[in-house]
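One structure is given below, encoded as C-alpha cells.
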C-alpha cells in the first residue's frame, strides 16, 4: 500500500516537473522567436539605412558635379560681365559725386559715411570693383579707386576676405591708408568714420559692410543713387492724395454751405409765407370787424324801421279809437 502511494506521488511529481519543463520550453521558444524577430527587424533597418546611404552618396556626387558646372557657368558669365562693369565705371566717372550719393542714400551704408571728412574724401571716389576668387567660394576682394586728393596718397584701397567652406572668414587683409600730413581719422570720429573699415581686424558690424557692398550696392548702384528721387515722387503722390482729400473736403464744405443757404432760404420763404398768412389773417379780421360794424349798423337800421312801423301802427290804432278818447289818454312814449 505504501509503495503504491509512493509511486503515485512520484508520478504526480514527474508530471508536474514535465509541465514546468514544457512551460519553460514554451517560454524559451517565445523568447527565441521574439529575439529572432527583433534581429530580423534590426537587420532590415540596417539594410534600409545602407541603401539610403548609397542613395545619398549618389546624390552628393550629382551635387558635386552640379557645383562644378555652376562654377564653370559663374566663371564664364563673370568674364562676360567684366567689360560691362568697366563701361559702367567709365560712365559713372562722368557723374559728380556718384558714389558718395549712392552710399549716403543706402539705408545701411549711409549711416557709416557720417563724418564731414568722409563726405569730403568720398567726393574723390571714382570707381569701385568687386572681384571674386577663381573658385567663387574661397573669398573676394573689394577695391576703391580714388582720384588724386589732399587727404591720402593711395590711389586705391582694397580689402580681401578669405573664407572656409562653411562661409566663415579665416583671413582679412586690408590696405593701409597713407594719410597726408594733417589728415586722418580724428580721435573723436574713430567710432564713426567709414575708413576704419580698412582694417585687418574682423568686426561683425564691418563684415556686414563688405557683404552689403558686394551683394547690394555693387550689382546696381543706380538703384540707390536714385533712391531719394523715387521717395520724393512717392511723397509728392502722397501730397497729391492729400490735396484730393482737401478738395473733397472743400467740396463737401461747399455743398454743406449750399445746403445751409438753401435751408436758410427755405426758412425765409417760410417766414415770409407765415408773415403773409398773418397779414391775411389781420385783413380778414379787419374785414370781419368791418362786417360786424355793418351788421350792427344794419341791426340799428332795422330797429329804426321797426320803431317807425310801431309808430305807424300806433297812429293807426289812435285813429281807430279816436271816438273813444283823446290822445292824452295813451302813453305813446312807452313810459
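Residue numbers (this note's numbering): 1289 to 1623. Virtual Cβ for every residue (Gly too), placed ideally from N, Cα, C. Quick caveat, the model's predicted, so the values are computed rather than measured.
- Residue range 1444-1451 is occupied by the beta strand (DSSP E) that includes residue 1447.
- Classified as buried, residue 1406 has 16 or more neighbouring CB atoms from the shown chains inside 10 Å of its CB.
- Runs of the alpha helix (DSSP H) spanning 4 or more residues and lying entirely within the segment 1340-1407 occur at 1386-1393, in chain order.
- Residue 1482 is bridged by DSSP to nothing; it lacks a bridge partner.
- For residue 1380, the closest C-alpha among the options 1428, 1433, 1326, 1462 is that of 1433.
- In the three-state reduction of the DSSP assignment, residue 1465 falls in the coil class.
- Taking every protein chain shown into account, the CB of residue 1333 has fewer than 16 other CB atoms within 10 angstroms, so this residue is exposed.
- In the DSSP annotation of this structure, the continuous segment of the alpha helix (DSSP H) that includes residue 1510 starts and ends at 1509-1513.
- If you look at residue 1420, you'll find it in the beta strand (DSSP E) that goes 1413-1420.
- Proximity to residue 1355 across 1501, 1446, 1423 peaks at 1423, based on C-alpha coordinates.
- If you draw a straight line from the Cα of residue 1505 to the Cα of residue 1385, it comes to about 15 Å.
- Closest in alpha carbon position to residue 1435, among 1453, 1412, 1425, 1403, is 1412.
- No residue range can be given for residue 1424, since it is assigned to no beta strand (DSSP E) and is classified by DSSP as neither H nor E.
- If you check the CB distance, residue 1427 and residue 1451 come in under 8 Å.
- Between residue 1388 and residue 1410, the gap from beta carbon to beta carbon is short of 8 Å.
- Within 10 angstroms of the beta-carbon of residue 1456 lie fewer than 16 other beta-carbons, which makes it exposed.
- According to the DSSP secondary-structure assignment, residue 1432 is paired through a beta bridge with 1416, 1445.
- Straight-line measurement puts the Cα of residue 1501 at about 56 Å from the Cα of residue 1329.
- Take residue 1512, set aside five residues on each side of it, and the residues of its chain with a beta-carbon closer than 6 Å to its own are 1390, 1393, 1394, in chain order.
- Here DSSP, grouped into helix, strand and coil, assigns residue 1440 to strand.
- Distance between residue 1371 and residue 1416, taken at the CA atoms: about 14 Å.
- Within the same chain, Cβ atoms closer than 7 Å to the Cβ of residue 1468 are found at 1438, 1439, 1440, 1441, the five residues on either side in sequence being excluded.
- Separation of the CB atoms of residue 1482 and residue 1359 is rounded to 33 Å, and the pair is thereby denied contact status at 8 Å.
- According to the DSSP secondary-structure assignment, residue 1459 is paired through a beta bridge with 1450.
- By the 16-neighbour rule on beta-carbons within 10 angstroms, residue 1322 is exposed.
- In the structure shown, residue 1471 adopts coil according to DSSP, grouped into three states.
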